[in-house]
Amino acid sequence: MKTTAVILAAGQGTRMRSSLPKVLHPVLGKPIIWHAIHTARSATAQNPVLVVGHESEAVIEFVGEQVLFATQEDQLGTGHAVQQAERLLKGNSDQILVTMGDMPLLREQTLQKVIAM
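Here my numbering runs 18 ahead of the position in the sequence shown, where the first position is 1.
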């Protein structure tokens with residue numbers, strides 16, 4: 019069964035009070051989004067779909083070709099963000115794992131347990 023991760027990284031991160039996009043803040047020497055992508059790819063053996071929005075140019079520039087990109091032009095909530103990935107997933111995945119781009123401490127084993135449920 020082919021599982022693809024959808025990583026949500028479109029939010030503004032207003033509580034951080036920083037001009038740097040939330041997912042580009044470093045944790046353990048690498049931007050938060052690097053950890054999310056690495057873990058999702060390890061758990062699924064697929065390149066994830068990254069949903070970007072706020073400051074998307076900076077996130078895309080950092081991430082490069084590690085993922086497929088979907089853009090959420092208007093931030094209309096989590097469900098809407100997931101919908102933006104639909105065209106990239108339709109017919110290409112049997113199962114979808116949705117995770118957040120600002121959760122760098124999730125482990126591969128945790129995501130694999132979720133997938134197995």
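All C-beta atoms in this analysis are idealised placements derived from N, C-alpha and C, irrespective of residue type, glycine included.
Item: Alpha carbon to alpha carbon, what distance is there between LEU46 and HIS56?; Value: 14 Å
Item: Check ALA28 in the structure and name its three-state DSSP category.; Value: coil
Item: Start and end of the beta strand (DSSP E) containing GLN113?; Value: 113-118
Item: Given this structure, state the Cα-to-Cα distance separating MET131 from THR22, to the nearest angstrom.; Value: Met is not the amino acid found at residue 131; the sequence shown has Lys there. Approximately 15 Å, taken between the alpha carbons.
Item: The alpha helix (DSSP H) spanning LEU129 covers which residue range?; Value: 126-134
Item: With a Cβ-Cβ cutoff of 8 Å, do GLY71 and GLN93 count as a contact?; Value: yes
Item: With which residues is GLY71 paired in a DSSP beta bridge?; Value: GLU73
Item: Between ILE50, THR62, ALA58, which has its C-alpha nearest ASP112's C-alpha?; Value: THR62
Item: Return the CA-CA distance between PHE80 and GLY97, expressed in angstroms with no decimal places.; Value: 25 Å
Item: GLU91: buried (16+ other C-beta within 10 angstroms of its C-beta) or exposed?; Value: exposed
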